[in-house]
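In our numbering, the protein residues as written are -6 to 244.
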């Protein structure tokens, strides 16, 4: 009877971890340590790092990465977040309402990665970007508590939602002690004003076995990014992205 009372439109953000790590790599290796020039870095990206594996490993392993409670890396993430909010938040839409931002893009990080070339964080061309507000797959190396401390540094209240994924081995959550630690992790994240956190409790070996023999794992359900699905019903690219996520073995 006249349409919706509220007409907010949300623009979904994709690849926050990826772009933060890209800026960190440029800042450290081009401007601070001068390991190579910007022109040399662009040549590496154009070549998709072919012939530049040593340089790629330097970018991967010697760059401060978002998701490790590293002040420098996380400050760049906050800068990206603030720029994103400033560009969109409050602008009028075509419905008489306003645009706001979200950072819970479900699976489109796989598609957008498939049409984007190599990036300065060491990512190969056409591979998935980071999903939601999660760190780049495999870049969070200091455990889940460091991840939530990094993610909490953005202002979640200025979004229509954020999404943080983590993957744990089943052994980590075995018994009452493991469950209690998980509960404390969730409570801590919310006390830090985090918005939304979700988990996969499965090891990479099980997921690879399901890829190889899907008929034996038809009941295997995983958390993708904002929804759950049967692992064997997912496409290869999304299956591989879930396998590539950091597998935390301790708190």
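Ideal placement from N, C-alpha and C gives every residue a C-beta, glycine not left out.
- As the crow flies, the alpha-carbon of residue 85 is around 9 Å from that of residue 2.
- Counting the other Cβ atoms within 10 Å of the Cβ of residue 224 gives 16 or more, which makes it buried.
- Non-local beta-carbon contacts of residue 98 in its own chain, meaning distances under 6 Å to residues more than five positions away in sequence, involve 5, 7 in chain order.
- A straight-line Cα-Cα distance of about 28 Å links residue 221 and residue 62.
- Taking a 10 Å sphere around the C-beta of residue 30, we find fewer than 16 other C-beta atoms and assign the residue as exposed.
- Taking all protein chains in view, the Cβ of residue 14 is crowded by 16 or more other Cβ atoms within 10 Å, so the residue is classified as buried.
- Counting C-beta pairs with one atom in each stretch, the segment 138 to 156 and the segment 182 to 194 have three or more that are closer than 8 Å, which means they touch.
- Taking 8 Å as the cut-off, the beta carbon of residue 42 is found no closer than this to the beta carbon of residue 136.
- Between the alpha carbons of residue 142 and residue 52 lies a gap of roughly 23 Å.
- By the 16-neighbour rule on beta-carbons within 10 angstroms, residue 128 is buried.
- Within the model, the alpha-carbon separation for residue -4 versus residue 88 is close to 10 Å.
- Ranking 0, 239, 19 by CA distance to the CA of residue 132 puts 239 first.
- By the 16-neighbour rule on beta-carbons within 10 angstroms, residue 182 is buried.
- Less than 8 Å separates the beta-carbon of residue 9 from that of residue 123.
- Annotation: the continuous alpha helix (DSSP H) that includes residue 184 extends over 168 to 184.
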